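These notes concern the structure reproduced below.
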Amino acid sequence: MPQKDETRALLGLTDRLYRAQGLDDVYAAALDAIAVMLDCARASILLFDDQGAMGFVAWRNLSDEYRSQVSGHTPWQRGETQAEPIFVRDVRDTGEPDWLKAALAREGIVALGFVPLMANGVVVGKFMTYFGDPHDFSAHHRELAVAIARQVGFSLERHAAEKARSEAVRDLKESGDRFRLMSEDAPIMIWIADSQGKCLHLNRMLRNFWGVPDEVGDFDFTSTLHDDDRAAVGAAMAAALRDRQSVTVKGRYRRSDGAWRVLETTARPNFSASGAFMGMIGVNVDITEREEADAHKQLLINELNHRVKNTLAVVQSVARQTFRRDGTGDLEVEAFQGRLAALAQAHNLLAAEAWQSASLEEVARRSLNGDADVRIAIRGPRVELRPKQAVTTAMALHELYTNAVKHGALRSSEGRVELSWLTAEAPRGSLVVRWLERSPEPILPPVRRGFGSTMIEQALGADLNAEVEMDFQRSGLVCTIVAQLADTARQ
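According to my numbering, the sequence shown is numbered sequentially starting from 33.
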């Protein structure tokens, strides 16, 4: 074939492959080009299947019997990367098996060409040329065969990619349909937005909330936001879209009946199978009653705090007047007022935490009259105490501190205290608190047990289910408190 005609044939093959609507069009274009450019009346295309077996997908002038006999025969394995064409001038002169030679002879085939089809860098199949007489494959014809195979391989790549894309689109649609079906009657508000934040889908509960028809159209949820919340909610959602991150935000929205409701929105980014950002999927939860309950609870807590503070002030005033009339000594008055102050400090700490819990470290710092980190070293993991436990612990630490200042290591400016705690898992999980005094001067043990020691042991035992050991050494008191973590709120 003249070179001009070969060029025209190659261009024609390229054009047909480009316009092919399916693999059958690809095979037909390839077989036509093979017949014309390689001057052979018989040819075939074979591809590996999913199990790695080679099979005929298209052919010209080959019998059913022959194809059945040689199907699966291949010089390469699926996925090879270095396959080279094989051209056989006369199969009768080769070492091929007798059964194969017999099948070729019955089909009238003497010469063959095996040309690998490569897609994405690996062997996916081959095309074959057949001749009835011994045939010398010229270098030029071999180059043409490779050129045809290259074009066909590119087309196979494209169609495989198109198939994968179509399947992905179909799977995505089916997945979306399933999601919509499952979410439609869910007892929670569910929505889907695109990558620009535009609403694509609202489930029935959310459509009813906003009074939106089944087809959401151009509905914009921000139009239902309270004016005071629109900027904050809009900024949070915009940041989530920009950063493709999860977000939780709450705001007041106008319901279809005009009532304002507080919705808490939790949304997560939605990515396709290929990793493309599709938008956000979110849920809205009506927390109006919870917000109202929290507000009422806070109101009650504030009122309680106010009344407790007033009560403590009244107790302090009455006690001061009573002590003055009864002639109670200054030391006793000072001790009583110190205990009231410790109780007030614990109350203030719990009030700041809405009476939920208080950390052991913060309780300790507020009980030590500013000596923490100065003369008293504090260390230990984070442990949360329930309100009653926090108050009792504060009172106990106040007693230990007061005793150390009056009779123990802290009566000397050189004295120091180490307050530490640790947690253990067995047997039930324990909290071990240790108060260790270090005095430069010998400390004499008390001649009798005072109110403070009794209060520490009894109160901690009752409220923290604790065992208390008080060891009065020459360097000062060593107090060890072992409480059960099952009765505290460790974090």
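Beta carbons: idealized from backbone N, C-alpha and C, even for Gly.
All values reported here derive from a predicted model rather than from experimental measurement.
Inter-residue CB distance, residue i and residue j (contact presumed, cutoff 8 angstroms)
i: I488; j: E431; result: 6 angstroms
i: Q228; j: T46; result: 39 angstroms between Cβ atoms; not a contact.
i: G484; j: T434; result: 7 angstroms
i: L492; j: I475; result: The Cβ separation is near 22 angstroms, so there is no contact.
i: M312; j: R300; result: 7 angstroms
i: G164; j: G127; result: Not quite, the Cβ-Cβ distance comes to about 21 angstroms (not below 8 angstroms), so this is no contact.
i: L232; j: I224; result: 5 angstroms
i: L78; j: M160; result: 7 angstroms
Distance CB(residue i)-CB(residue j) smaller than 7 angstroms
i: Q421; j: D495; result: yes
i: A426; j: S391; result: no
i: I180; j: F146; result: no
i: E473; j: S444; result: yes
i: R397; j: A404; result: yes
i: S471; j: A441; result: yes
i: L463; j: A515; result: yes
i: M86; j: T113; result: no
i: A90; j: Y59; result: yes
i: R92; j: R74; result: yes
i: G185; j: L149; result: yes
i: R121; j: G84; result: no
i: F251; j: R287; result: no
i: R293; j: T320; result: yes
i: M69; j: A41; result: yes
i: A428; j: E469; result: no
i: A135; j: V178; result: no
Within-7 angstroms CB hit, residue i to chain D
i: G87; result: Protein chains in the displayed structure number just one, and chain D is not present.
When the options are compared against residue i, the one with the closest alpha-carbon
i: P219; options: A65, A177, G229, R236; result: R236
i: S76; options: G84, E499, R99; result: R99
i: A143; options: G153, A151, A308, V123; result: V123
i: E189; options: V155, A171, S170; result: V155
i: G284; options: S389, V265, A299; result: Looking at the sequence provided, one finds Arg at residue 284 rather than Gly. The residue with the shortest Cα to Cα distance from R284 is V265.
i: T39; options: E175, M86, N316, S304; result: E175
i: D289; options: D275, R239, L273; result: R239
i: S278; options: A67, A291, N302; result: N302
i: R411; options: A456, L55, V465; result: V465
i: G55; options: A192, A177, M160; result: Per the sequence shown, residue 55 should be read as Leu rather than Gly. The residue with the shortest Cα to Cα distance from L55 is A192.
i: R197; options: D130, A65, S306; result: S306
i: K230; options: M269, D260, K205; result: M269
i: D209; options: L234, H439, V500, D37; result: L234
i: R274; options: D261, W453, D226; result: D226
i: D168; options: L136, D71, D96; result: D71
i: V315; options: E296, D326, K329, S304; result: E296
i: S452; options: R481, V423, C511; result: C511
i: P477; options: M502, T455, A456, Q490; result: M502
i: Q388; options: K329, G402, G249; result: K329
i: E323; options: V479, K282, G249, R138; result: K282
Residue environment, residue i, which counts as buried when at least 16 other CB atoms sit within 10 Å
i: L417; result: buried
i: V201; result: exposed
i: W467; result: buried
i: R506; result: exposed
i: A263; result: exposed
i: F253; result: buried
i: Y27; result: This structure gives no information on residue 27, because the portion of the chain shown stretches from 33 to 523.
i: K158; result: buried
i: T280; result: exposed
i: A458; result: Its pLDDT being 49, under 50, A458 is placed unreliably in this model, and the value from its coordinates should be taken loosely. A458 is exposed by the Cβ-count criterion.
i: H258; result: exposed
i: H172; result: exposed
i: T486; result: exposed
i: R448; result: buried
i: N152; result: exposed
i: Q523; result: Unreliable placement is indicated for Q523, whose pLDDT of 42 sits below 50; the coordinate value is still reported in the next sentence. Answer is exposed; the Cβ neighbour count stays below 16.
i: S187; result: buried
i: V406; result: exposed
i: A61; result: buried
In DSSP terms, what residue i is bridged to
i: F159; result: I77, V147
i: T280; result: T298
i: W467; result: L451, C511
i: N316; result: M221, T297
i: F88; result: L78
i: M502; result: C511
i: R411; result: S452
i: S462; result: A456, Q516
i: A404; result: I408
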